[in-house]
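Participant: Submitted below is the structure of interest, expressed as structure tokens.
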Amino acid sequence: MREPNQEDAALYLRLCALKDTAVQAEARAWFFESFDASSLQELDERYPRGSRERHLFAEFLGFYESAGVLVSRGLLHEDVYFDAPFALELVWPRVGAIIDEMREKLDPAAWENVAWLGRRYDMWSKQRWRAKLEAVPVERGPK
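Structure below.
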């Protein structure tokens, strides 16, 4: 696997800027403060299609869908993305089953990049994650 480079850094900063847009901030706040569904049926009952909450849910997942495209195509190094504070480790356990159900019942392509990203993160965290002081070469570490 290639090493992260300046292009990864630039793309990471663009994702950070996207995450900080007003609609993403609102959607993220709503998700972490109010989202409460663990199945497609609960999602449809509590946040019907066309509702403001369903829109926020889609906006929130849209960030991860976009990131999934970039990481899965090798355009953004997975170590850079997964090491960043994007909270995928908190989001995926809450939406994974819903997305799987959507893909099974509604459309196999629904949120496919979110699903890929969540599953890849699970693998990455077990196989590649290391504490920062172990992961960063000594010559680049704190002095």
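For what it's worth, our numbering labels the leading residue of the sequence shown as 189, then goes sequentially.
Positions of the beta carbon are idealized from the N, C-alpha and C atoms, including for glycine.
#1: DSSP on Asp-295, reduced to helix/strand/coil?
#2: Mapping DSSP to helix, strand and coil, what is Phe-334?
#3: When burial is assigned at 16 or more other CB atoms within 10 Å of the CB, is Phe-245 buried or exposed?
#4: Taking the alpha helix (DSSP H) that Arg-202 falls in, what are its first and last residues?
#5: When you compare only the Cα positions, how much space is there between Arg-282 and Phe-223?
#6: Might you give, ordered along the chain, the residues of its own chain that have their beta carbon closer than 6 Å to the beta carbon of Leu-258, omitting 5 neighbours on each side?
#7: Where does Phe-223 sit, in a helix, a strand or coil, going by DSSP?
#8: Determine the contact status of Ala-303 and Arg-291, defining contact as a CB-CB distance below 9 Å.
#9: DSSP three-state call for Pro-281: helix, strand or coil?
#10: So, does the region 192–204 touch the region 214–232, judging by three or more C-beta pairs under 8 Å?
#11: Short of 7 Å in beta carbon distance, which residues of its chain neighbour Pro-192, apart from the five on each side in sequence? Order them along the chain.
Facilitator: Quick answer:
#1: Taking the first residue of the sequence shown as position 1, residue 295 is located at position 107. Coil.
#2: Past the boundaries of the shown model lies residue 334; the chain is included only from 189 to 331, so the question cannot be answered.
#3: Numbered from 1 along the sequence shown, position 57 holds the residue referred to as residue 245. Phe-245 is buried by the Cβ-count criterion.
#4: The residue labelled residue 202 in the question sits at position 14 within the sequence shown. Element bounds for Arg-202: 194–207.
#5: Along the sequence shown, one-based indexing puts residue 282 at 94. Along the sequence shown, one-based indexing puts residue 223 at 35. Each residue's Cα considered, the two are about 9 Å apart.
#6: Within the sequence shown, residue 258 is the residue found at index 70, counting from 1. Hits under 6 Å: Leu-264.
#7: The count along the sequence shown starts at 1 and reaches residue 223 at position 35. Coil at Phe-223, not helix or strand.
#8: Within the sequence shown, residue 303 is the residue found at index 115, counting from 1. Within the sequence shown, residue 291 is the residue found at index 103, counting from 1. Cβ atoms of Ala-303 and Arg-291: closer than 9 Å.
#9: Residue numbering aside, residue 281 sits at position 93 when the sequence shown is read from its first letter. Pro-281: helix per DSSP, three-state reduction.
#10: no
#11: The sequence position of residue 192 within the sequence shown is 4, counting from 1. Cβ within range, chain order: His-265, Asp-267, Val-268.
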